[in-house]
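Per the numbering used here, the sequence shown starts with residue 3, numbered consecutively. All residues carry an ideal CB built from backbone N, CA and C; glycine is no exception. Below is one structure, written out as structure tokens; the observations come after it.
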Amino acid sequence: MLLKEALSAFSLVAGLFTISGFAIKVDKFENNHILQDPKTEKTKMFLPIESFNKLNLKAGDNFKYYVGSDMRIKKITQIETHSNHTTLIFDEPFHEDNHLKVESVKYYLEAKPFWANLFK
């Protein structure tokens, strides 16, 4: 009798844990770089095509990203699509340093259930 009750309790807890894993959403962020290119005098970022499709960005949209724990926003002025990536060009004025400036950033990509992230 005790074994039957223990198995029932274990089954109930395991079932609740499994179901809650689908209810809990985990935010997925992607790391990338924003660069200021002295050749083209533009501030831009290269995105993988899959990430660009998930973000559903258009010219004129605001792009929110984080540098450390600091949230920043840039306006997208132009989008160039290439065979293996997409280039976002921002409205930020180019700084005349005569060298390539690279800034490491992360941005929100999507929210997935806990189990989808665990077994990927």
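Please name the residue, chosen from the options, that lies closest to residue i on a Cα-to-Cα basis.
i, options, result
"V107", "K56, T89, A113, Y68", "Y68"
"D115", "D29, E43, F54", "For the record, residue 115 in the displayed sequence is Pro; it is not Asp. Minimum Cα distance to P115 is reached at D29."
"Y110", "S71, E94, D39", "S71"
"F31", "H87, F12, K56, K103", "K56"
Answer with buried or exposed for residue i, where buried requires no fewer than 16 other C-beta atoms within 10 angstroms of its C-beta.
i, result
"F92", "buried"
"K76", "buried"
"M73", "exposed"
"T20", "exposed"
"I36", "buried"
In three-state DSSP terms, what is residue i?
i, result
"K60", "coil"
"S71", "coil"
"N34", "strand"
"S85", "coil"
According to DSSP, what are the bridge partners of residue i?
i, result
"D29", "A113"
"F92", "T45, I78"
"S13", "Per DSSP, none; premise fails for S13."
"S106", "H35"
**Message:** With three or more beta-carbon pairs closer than 8 Å as the criterion, would you say the stretch 53-65 touches the stretch 79-87?
**Reply:** These segments touch.
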